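Peer 1: Residue numbers (the working numbering): 26 to 227. Sharing a structure here in structure tokens format.
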Amino acid sequence: MTLLDIAGLSTAMLLLAISPGPGVLATVSKALSTGFTRTIPLILGIVLGDLLFLLFAVYGLSFVAESFHEVFVWIRIAGALYLIGLGVTLWRTKAKAHTDPFPHATKQSFLSGLSITLGNPKVILFYLGFLPAFIDLETLSAYDVLTVSIIVSSILGAVMLSYALVASRAKALFKNDKRQTLLQQIAGTVMISAGVLLLTKS
Numbered sequence: 026m027t028l029l030d031i032a033g034l035s036t037a038m039l040l041l042a043i044s045p046g047p048g049v050l051a052t053v054s055k056a057l058s059t060g061f062t063r064t065i066p067l068i069l070g071i072v073l074g075d076l077l078f079l080l081f082a083v084y085g086l087s088f089v090a091e092s093f094h095e096v097f098v099w100i101r102i103a104g105a106l107y108l109i110g111l112g113v114t115l116w117r118t119k120a121k122a123h124t125d126p127f128p129h130a131t132k133q134s135f136l137s138g139l140s141i142t143l144g145n146p147k148v149i150l151f152y153l154g155f156l157p158a159f160i161d162l163e164t165l166s167a168y169d170v171l172t173v174s175i176i177v178s179s180i181l182g183a184v185m186l187s188y189a190l191v192a193s194r195a196k197a198l199f200k201n202d203k204r205q206t207l208l209q210q211i212a213g214t215v216m217i218s219a220g221v222l223l224l225t226k227s
């Protein structure tokens with residue numbers, strides 16, 4: 026890989042990461058409702074999903090994604106319904122300041138992030154369609170694959186963590202229970218929107 030290849034990939038990855046989509050909406054709503062730290066498992070799931078598609082593309086496994094298209098559709102539906110369910114829960118639960126409405130949802134949060142990516146057509150199209158336009162996948166060495174993986178995970182992770190940090194700072198402004206409830210309802214609305222957006226993508 027040349028420096029030009031790395032620059033092109035980094036720019037494309039940054040644009041993909043910052044563009045509004047189910048992943049961004051889910052990250053923001055999670056951080057609004059539970060804070061920065063408890064959003065990290067969700068982000069890890071999102072990043073892992075991207076890395077899986079990257080490996081599919083690099084090792085010529087696009088047929089896997091195509092063959093299991095229906096599976097990815099069901100993953101997308103399950104992830105969308107989970108997000109909508111969380112959003113409804115946020116709306117129906119009265120908040121108390123400095124409490125987490127989902128105290129034991131670390132594993133579910135990670136799986137939700139993974140399902141968001143695996144079921145997101147935009148991500149699938151990027152790695153299996155657009156990525157080959159930026160780098161020659163057939164000539165990548167093991168070192169190049171590692172480099173690309175670091176670039177993808179670093180940029181995507183940094184962008185999502187930035188969204189989560191900003192949202193969690195907003196959460197810190199809401200000190201009392203009444204304001205926390207309002208914030209939870211906002212987060213619930215955003216999470217439901219993310220679920221609906223993921224559900225309607227094709």
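Yeah, the Cβ is synthetic: ideal placement off N, Cα and C, and Gly gets one too. Quick caveat: nothing in here was measured; it's all calculated off a predicted structure.
1) In the DSSP assignment, the alpha helix (DSSP H) including T142 goes from what residue to what residue?
2) Specify whether the region 49-69 and the region 148-155 touch according to this definition: at least 3 beta carbon pairs, one from each stretch, less than 8 Å apart.
3) Only counting the same chain, and skipping five residues up and downstream in sequence, which positions put a Cβ closer than 8 Å to that of T131?
4) Could you check what DSSP says for S179 in three-state terms: helix, strand or coil?
5) Between the Cα of L181 and the Cα atoms of W116, T59, P47 and I68, which residue gives the shortest distance?
6) Flag L224 as yes if its beta-carbon sits less than 8 Å from any beta-carbon of chain C, otherwise no.
7) Residue range of the alpha helix (DSSP H) that T59 falls in?
8) Between L184 and the rest of its own chain, which residues show a CB-CB distance below 6 Å, the 5 nearest in sequence each way excluded?
9) Looking only at its chain, what residues have a beta carbon closer than 6 Å to the beta carbon of S134, apart from the 5 residues adjacent to it on each side?
10) Please report the straight-line C-alpha distance between V221 and P146, rounded to a whole angstrom.
11) Please classify T142 as buried or exposed, where buried requires at least 16 neighbouring CB atoms within 10 angstroms.
12) How many Å lie between A105 and S137 at the Cα?
13) List the whole-angstrom C-beta distance separating L72 from S178, where the pair is believed to meet the contact cut-off of C-beta under 8 Å.
14) Find the nearest neighbour of A25 within the set L156, L108, V170 and F155, judged by alpha-carbon distance.
15) Using the beta-carbon count (16 or more within 10 Å), is I175 buried or exposed?
16) Can you tell me where the alpha helix (DSSP H) with I71 in it begins and where it stops?
Peer 2: Once the coordinates are examined:
1) T131 to L143
2) no
3) R63 and P66
4) helix
5) I68
6) Given the protein chain composition of this structure (a single chain), no chain C is represented.
7) P47 to T59
8) Reading off the sequence, residue 184 comes out as Val, not Leu. The residues are A42 and I43.
9) P66 and L67
10) 14 Å
11) buried
12) 9 Å
13) Note on identity: in this sequence residue 72 is Val, with Leu being the wrong assignment. About 5 Å; that satisfies the 8 Å criterion.
14) Residue 25 lies beyond the stretch modelled for the chain, which goes from 26 to 227, so this question has no answer here.
15) exposed
16) I65 to V83
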